[in-house]
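**Student:**
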Amino acid sequence: MRKKLSVVWKTLSVLLLIYTIIGGLLLPVPRLDIVNETIRALYFHVPMWFGMITMFTISTVYSILYLRKPTSDRDIVAVEFAHAGLMYGILGILTGMIWANYAWGSPWHGDPKQNGSAITTLIYLAYFVLRSSVDNREQKGRLSAVYNIFAFAAMIPLIFIIPRMTSSMHPGNGGNPGFNMYDLHSSMRMVFYPAVVGWILLGIWIATVRTRLRKAEEKILDMEYEKNN
Amino acid sequence: MPVIWSALFWMVILSTLVSAIAKSFVMERSGATIYLYSLAAPTEIIIAKILYGFLLCSAICCTGFLFFSVVLNNPIQDVPLFLALLILASFGFSASLSVLSAIASKTNNSSVVMAVLSFPVLIGILLESIKVTKNCIDGLDRSVSMDELITLGAINLMVTALSYLLFPYIWRS
Numbered sequence: 510m511r512k513k514l515s516v517v518w519k520t521l522s523v524l525l526l527i528y529t530i531i532g533g534l535l536l537p538v539p540r541l542d543i544v545n546e547t548i549r550a551l552y553f554h555v556p557m558w559f560g561m562i563t564m565f566t567i568s569t570v571y572s573i574l575y576l577r578k579p580t581s582d583r584d585i586v587a588v589e590f591a592h593a594g595l596m597y598g599i600l601g602i603l604t605g606m607i608w609a610n611y612a613w614g615s616p617w618h619g620d621p622k623q624n625g626s627a628i629t630t631l632i633y634l635a636y637f638v639l640r641s642s643v644d645n646r647e648q649k650g651r652l653s654a655v656y657n658i659f660a661f662a663a664m665i666p667l668i669f670i671i672p673r674m675t676s677s678m679h680p681g682n683g684g685n686p687g688f689n690m691y692d693l694h695s696s697m698r699m700v701f702y703p704a705v706v707g708w709i710l711l712g713i714w715i716a717t718v719r720t721r722l723r724k725a726e727e728k729i730l731d732m733e734y735e736k737n738n
Numbered sequence: 010m011p012v013i014w015s016a017l018f019w020m021v022i023l024s025t026l027v028s029a030i031a032k033s034f035v036m037e038r039s040g041a042t043i044y045l046y047s048l049a050a051p052t053e054i055i056i057a058k059i060l061y062g063f064l065l066c067s068a069i070c071c072t073g074f075l076f077f078s079v080v081l082n083n084p085i086q087d088v089p090l091f092l093a094l095l096i097l098a099s100f101g102f103s104a105s106l107s108v109l110s111a112i113a114s115k116t117n118n119s120s121v122v123m124a125v126l127s128f129p130v131l132i133g134i135l136l137e138s139i140k141v142t143k144n145c146i147d148g149l150d151r152s153v154s155m156d157e158l159i160t161l162g163a164i165n166l167m168v169t170a171l172s173y174l175l176f177p178y179i180w181r182s
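Residue numbers (our numbering), protein chains in the order written: chain U, 510 to 738; chain D, 10 to 182.
(1) Leaving out the 5 sequence neighbours to the left and right, which residues in its chain are closer than 6 Å to residue 526(U) when beta-carbon positions are compared?
(2) Between residue 14(D) and the rest of its own chain, which residues show a CB-CB distance below 8 Å, the 5 nearest in sequence each way excluded?
(3) So what's residue 544(U) in DSSP terms, helix, strand or just coil?
(4) So residue 663(U) and residue 633(U) are supposed to be a Cβ contact under 8 Å. How far apart are they, rounded?
(5) Go ahead and label residue 546(U) buried or exposed: buried means 16 or more other beta carbons lie within 10 angstroms of its beta carbon, across all protein chains shown.
(6) Output yes if chain D places a C-beta closer than 8 Å to the C-beta of residue 731(U); else output no.
(7) Compare the C-alpha of residue 651(U) against each of 178(D), 156(D), 151(D), 125(D) and name the closest.
(8) Comparing C-alpha positions only, which one of 556(U), 609(U), 605(U) sits nearest to residue 543(U)?
(9) Quick check on residue 167(D): does DSSP put it in helix, strand or coil?
(10) Give the secondary structure of residue 692(U) by DSSP, where H, G and I count as helix, E and B as strand, and everything else as coil.
(11) Between which residues of its own chain and residue 30(D) is the CB-CB distance below 8 Å, once the five residues before and five after are set aside?
(12) Given a cut-off of 8 Å, decide if residue 518(U) and residue 710(U) are closer than it, judged by their beta-carbon atoms.
(13) Measure the C-alpha to C-alpha separation of residue 733(U) and residue 720(U) and round it to an integer number of angstroms.
(14) Is it right to say residue 537(U) is buried, meaning 16 or more other beta carbons lie within 10 angstroms of its own, or is it exposed?
(15) For the alpha helix (DSSP H) holding residue 113(D), just list the boundary residues, first then last.
(16) Using beta-carbon positions only, say whether residue 601(U) and residue 668(U) come within less than 8 Å of one another.
(17) When the Cα atoms are used, what is the spatial distance from residue 741(U) to residue 550(U)?
(18) Taking just the CA atoms, how far does residue 55(D) sit from residue 699(U)?
(19) Which residues, in order along the segment 91 to 108 of chain D, keep a beta-carbon less than 9 Å from a beta-carbon of chain U?
(20) Could you check if residue 736(U) is buried or exposed, using at least 16 other CB atoms within 10 Å of its CB as the buried criterion?
(21) Take the Cβ of residue 121(D) as the centre, count every other Cβ of all protein chains shown within 10 Å, and call the residue buried at 16 or more, exposed below.
(22) Can you round the beta-carbon distance between residue 591(U) and residue 636(U) to whole angstroms, since I take them to be within the 8 Å contact cut?
(23) Closer than 7 Å, Cβ to Cβ, to anything on chain U: give me those residues from the segment 31 to 51 of chain D, in chain order.
(24) Are the C-beta atoms of residue 599(U) and some chain D residue less than 8 Å apart?
(25) At the level of alpha carbons, what is the spacing between residue 714(U) and residue 580(U)?
(26) Kindly give me the distance between the Cβ atoms of residue 565(U) and residue 594(U), rounded to whole angstroms, as I take these residues to be in contact under 8 Å.
(27) Please determine, among 671(U), 611(U), 640(U), the residue with the shortest C-alpha to C-alpha distance to residue 132(D).
(28) Of all Cβ atoms in chain U, is any one closer than 8 Å to the Cβ of residue 129(D)?
(29) With a CB to CB cut of under 7 Å and the five nearest residues on each side skipped, what residues in its chain are close to residue 99(D)?
(30) Please go through the same chain and pick out, in chain order, the residues whose beta-carbon is closer than 7 Å to the beta-carbon of residue 622(U), but skip the five residues on each side of it.
(31) Where residue 572(U) and residue 697(U) are concerned, what is the direct C-alpha to C-alpha distance, given to the nearest angstrom?
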């Protein structure tokens, strides 16, 4: 039953992403000044942030679970979802830079939204630095779980609150219209929502594969340790 | 140049505060720590550390402001608001640096880890403070800075609540 379910959502993810790439590049979009065809970045750039938030939320939930009852499995899940979230964050910054190059004139503007997302990547990079500087496995899990919860809380104002309060050029911030104004055309919604679901499922898939790999590595290490002693 | 004044001021304050508050756990001798933990509950210790750090930070910020206005000049037009900002920012710096210092003190290379961990977390508080500083220098109406001050207060509350909840887990080792 569980295996069947995993086949279903993984297939769904692949199908949705194929649809996103074909439909996102070929289906009609509204003609707007300045933005023109770059509005298609909505299908690839915005889902990255939905994906990143989902991954970091799952990671934080597993960190809280780890603090309640420390098991090495929960630690691994938290780390791997943080890895996947970081990857989505970096991809989100890169896709945003490609869009900004056409819509704003240059890839990096020092916009509050750009700075906030860059600092978020720094916060999570610091999480991995912290993990690599503790030897004891249990202590490593506990300290990094605490920092992970802290990092999640520090990320929320950087991405969601500060850019909305300042003069940001980013759509949806600083009084600019968000995508809700543009995609009133139902054709854009028809690609955007599947794209979000598809990218999120892909992220979860990557994280679960890496989690299984790490668990297997740990098992091998334990077996070798037992053999040598 | 008021802009350079603001940049210089926050750079000096930030580096001073990081090294001052980082000491609250990193530089502590292990014997003293164990004695401290036998006296009080971990939640009491972190609250005490945050309050002490808050007093220390406020003192450093006010001294820095005084020194800057004597040696350079004082471009701040709305001094009471700026002092209120210094107090709010001090609390935020103290709360986040105390708990990060506790994390860093358990690692192998604590001073480096402390620098790596604290910088990105503090940026949020710093950005808001710089914005309010600019409003104070321009002498804008106080209602303009209200949003930033409320955000700062909210960040302070959140960081303090997290420190209070999470500190017992750091300490348990």
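Note that the Cβ used here is the ideal one computed from N, Cα and C, for glycine as well.
**Tutor:** In brief:
(1) 707, listed in sequence order.
(2) Excluding residues within five positions, the ones whose Cβ falls inside 8 Å are 77, 81, 82, 84, 146.
(3) Residue state, collapsed to three classes: coil.
(4) Taking the Cβ atoms as the reference, residue 663(U) lies roughly 10 Å from residue 633(U), outside the contact range of under 8 Å.
(5) Label assigned to residue 546(U): exposed.
(6) It does not; no Cβ of chain D falls within 8 Å.
(7) A check of alpha carbon separations from residue 651(U) across 178(D), 156(D), 151(D), 125(D) identifies 178(D) as the nearest.
(8) Comparing Cα-Cα distances from residue 543(U) to each of 556(U), 609(U), 605(U), the minimum goes to 609(U).
(9) Residue 167(D): helix per DSSP, three-state reduction.
(10) With a pLDDT of only 48 at residue 692(U), under 50, the local geometry of the prediction cannot be trusted, and the value read off the model is given with reservation. Three-state result, residue 692(U): coil.
(11) Excluding residues within five positions, the ones whose Cβ falls inside 8 Å are 62, 65, 66, 102, 103, 106, 107, 110.
(12) Annotated as proximal: residue 710(U) and residue 518(U), with beta-carbon spacing under 8 Å.
(13) A direct Cα-Cα distance of roughly 20 Å separates residue 733(U) from residue 720(U).
(14) Under this definition residue 537(U) is an exposed residue.
(15) Start and end: 88 to 113.
(16) No, these two residues do not count as a Cβ contact at 8 Å.
(17) Because chain U in this structure spans residues 510 to 738, residue 741(U) falls outside the shown range and cannot be described.
(18) Near 51 Å, if we compare the C-alpha coordinates of residue 55(D) and residue 699(U).
(19) Those residues of the segment 91 to 108 of chain D that come within reach of chain U (Cβ to Cβ, closer than 9 Å) are 105, 108.
(20) Exposed is the call here.
(21) Here residue 121(D) is exposed: its Cβ has fewer than 16 other Cβ atoms, across all protein chains shown, within 10 Å.
(22) Approximately 6 Å separates the beta-carbon atoms of residue 591(U) and residue 636(U); this is inside 8 Å, confirming the contact.
(23) Considering only beta carbons, no part of the segment 31 to 51 of chain D lies closer than 7 Å to chain U.
(24) Interface flag for residue 599(U) against chain D is unset, since no Cβ pair is found closer than 8 Å.
(25) Each residue's Cα considered, the two are about 22 Å apart.
(26) Sure, about 4 Å apart at Cβ, within 8 Å.
(27) It is 671(U).
(28) So yes, residue 129(D) belongs to the interface.
(29) Cβ neighbours of residue 99(D) beyond the five flanking positions: 63, 66, 67, 70.
(30) Within the same chain, 672, 677, 679, 682 come within 7 Å of residue 622(U) by CB-CB distance, once the 5 residues on both sides are set aside.
(31) Cα-Cα distance, rounded: 36 Å.
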